[in-house]
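Structure first, commentary second.
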Amino acid sequence: MTKEKRQQLADAAILVLVEQFGHSVAKHLVNALGRPEVVAAFPRVLATQHAQQLHAEGLSPRDASYRIAELTGMSVRNARRYADAAGQAEST
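Offset between the sequence shown (1-based) and the numbering used here: plus 53.
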């Protein structure tokens, strides 16, 4: 993806945030979410959420790991860690 296309997508996302939440909340979200540590945490948070949901739906950790990888773009190996953790969290 080109730098110009990324900028267009960023501009569109900001406009949606302003429209949905107002200027001050949108500015706060952009400032908070633009930090590298937050950007890095995003796939982990999504993977955890997906793992918990898929576990609740009864998927095996193996099947859940493939689905998590598909949804988040992470490797199946990394996704399996989240799927296994969701299963262990319930049993403790």
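Glycine included, C-beta positions come from ideal geometry on N, C-alpha and C.
When Cβ pairs closer than 8 angstroms are counted between the two stretches, the stretch 132 to 142 is seen to touch the stretch 97 to 114, the count reaching three or more. In this structure A94 is exposed. Its beta-carbon is surrounded by fewer than 16 other beta-carbon atoms within 10 angstroms. The Cβ neighbour count for M127, taken over all protein chains shown within 10 Å, is at least 16; the residue is labelled buried.
Cβ neighbours of V92 within its own chain (closer than 8 angstroms, five residues either side excluded): L86. If the five residues before and after L62 are omitted, its C-beta is found closer than 6 angstroms to no C-beta atom of its own chain.
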